Structures are given as structure tokens and as C-alpha cells.
Amino acid sequence: MKYPVVYREHAETGMAHGGHFLPESEVPALYDWLKIQKRKINSPVVRMTREANRLDRIQWARVAKGHKLAALQIPGPGEESVNVHDGKIASLFATHKERNEFEIVGQNLLEYELYLNTEMLDFDNPVRVVSQKLFTKGEKLVSGDKEVSFFEKIKRDRSVLLQEYKIRRDPHMLYDAKIKVSMENEIETALNR
Numbered sequence: 001m002k003y004p005v006v007y008r009e010h011a012e013t014g015m016a017h018g019g020h021f022l023p024e025s026e027v028p029a030l031y032d033w034l035k036i037q038k039r040k041i042n043s044p045v046v047r048m049t050r051e052a053n054r055l056d057r058i059q060w061a062r063v064a065k066g067h068k069l070a071a072l073q074i075p076g077p078g079e080e081s082v083n084v085h086d087g088k089i090a091s092l093f094a095t096h097k098e099r100n101e102f103e104i105v106g107q108n109l110l111e112y113e114l115y116l117n118t119e120m121l122d123f124d125n126p127v128r129v130v131s132q133k134l135f136t137k138g139e140k141l142v143s144g145d146k147e148v149s150f151f152e153k154i155k156r157d158r159s160v161l162l163q164e165y166k167i168r169r170d171p172h173m174l175y176d177a178k179i180k181v182s183m184e185n186e187i188e189t190a191l192n193r
């Protein structure tokens, strides 16, 4: 992400939420830094790692389902309903290669969703999604074959647009189509090898 990083030790203590702690003395500098940042809408690359109880989308991609995911209970104001400490973490790297073409690389990923709009694709042509799985063999990360997971025309769906606006209320991140891709059978086959 190439943000400047400054590391400082603090003696301050306070509430941590979601595993994050920010000393109050750092808030003004963070606020000033955030004010000058430029938001990149529909970033060409989206990277994420997810546990079972944190599956919200980031930009235009979402992990919908993962293989034996952890569900960590992190201290915060609300109780978590699920608590699985010995699970896995799903990773997803989504790249918008060019108009109507996407590439997804994932580990412990069973199902993902792509949220799309007219800035990203031409609805008159088919959308091509290529998926590639990552596996751990011993202590090494091994990539599987690239496979076309989706190749067809899609239509705008007003319900996607309305649902996303209702959840986020962000007029700059509106999507009027969604693709759901399952990798479940492919992953089960690879795990049973």
C-alpha cells in the first residue's frame, strides 16, 4: 500500500477495539494525515485476509466463504457469536486486469463475490474471471492452475445497487451487478490429492 510508516512505543493504555489500539495522543496527527489522502475508487488491485466473522467486502471484492476459517473473538464493545481459534485465514488477491477481465488468487477460499459497475466493465460484452488457488505444502506456498471460473454476460441488478447503498451509504462506491464464484469443488479435489 506504500503508506509512510512511523513506529513509536507508547506507555499509554486504553480501550482496544477489533485488535487495534491507537493512543489518544496520536489521533490529531492521524486525523491530519487522513484529511490529505486521496481516495482511489475501484482500485485495480484489492488484497484481503479474512476470518469467518469478518467477511465484509473491501472495495469491489468479497470473501463469501472460506475453508475451515477461524472466527476470532476480539475484545470490543460487542460479544462475538462465533469463536473458533484453530481455524484458517482466507486470503484473496483480486486484480482488475482490463475492462471485463479479472484475476483472482486465493488461499482457503471457497466462494467469492465481485461487485461491478459501468466504470469497470461493458455490460454488452462477457465478463471473464480467471481464478487460481494457493495451497500450503509443507512449509511452502504452492500455486494451482489458472482456470476460467466465469465467462458470460451479466445484467445490471437494481437490488444489488439498492442493497449496497443501504449497507454503506457511499455514493462513490455504487455497484449495480454482482458475480458469485464458487471454488468449493476445486478446492476439495485439491485437498484430497
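Letter 70 of the sequence shown, counting from 1, is numbered 70 in this note's numbering, and no numbers are missing. Note that the Cβ used here is the ideal one computed from N, Cα and C, for glycine as well. These figures come from a predicted structure and were not determined experimentally.
Since residue 58 sits in a beta bridge, which residues does DSSP pair it with? Answer by DSSP bridge pairing, in chain order: 61.
May I have the straight-line CA-CA distance separating residue 25 from residue 35, to the nearest angstrom? Roughly 17 Å separates the two Cα atoms.
Can you tell me the Cβ-Cβ gap for residue 111 and residue 65, rounded? I've got them flagged as a contact below 8 Å. Contact flag correct, Cβ pair sits at about 4 Å.
Quick one: grab the DSSP three-state call for residue 192. Low local confidence applies: a pLDDT of 45 at residue 192 is under 50, so the model's placement there is unreliable, with the coordinate-based value given in what follows. Assigned with DSSP and collapsed to three states, residue 192 falls in coil, not helix or strand.
Other residues of its chain near residue 187: CB distance less than 7 Å, five sequence neighbours each side excluded: Note that residue 187 has pLDDT 47, beneath the 50 cutoff, so the model's placement of it is unreliable and no number is given.
Quick one: what does DSSP say residue 25 is sitting in, helix, strand or coil? Helix at residue 25.
Close beta carbons around residue 93, own chain, < 6 Å, minus the five adjacent residues each side: The residues 47 and 105, in chain order, have a CB closer than 6 Å to that of residue 93 in the same chain once the five nearest residues on each side in sequence are set aside.
Starting from residue 105, trace the alpha helix (DSSP H) in both directions and tell me its first and last residue. It is not in any alpha helix (DSSP H) - residue 105 instead sits in the beta strand (DSSP E) that spans 101-107.
Beta-carbon contacts of residue 164 that lie in its chain and below 6 Å, excluding the five residues immediately before and after: Excluding residues within five positions, the ones whose Cβ falls inside 6 Å are 175.
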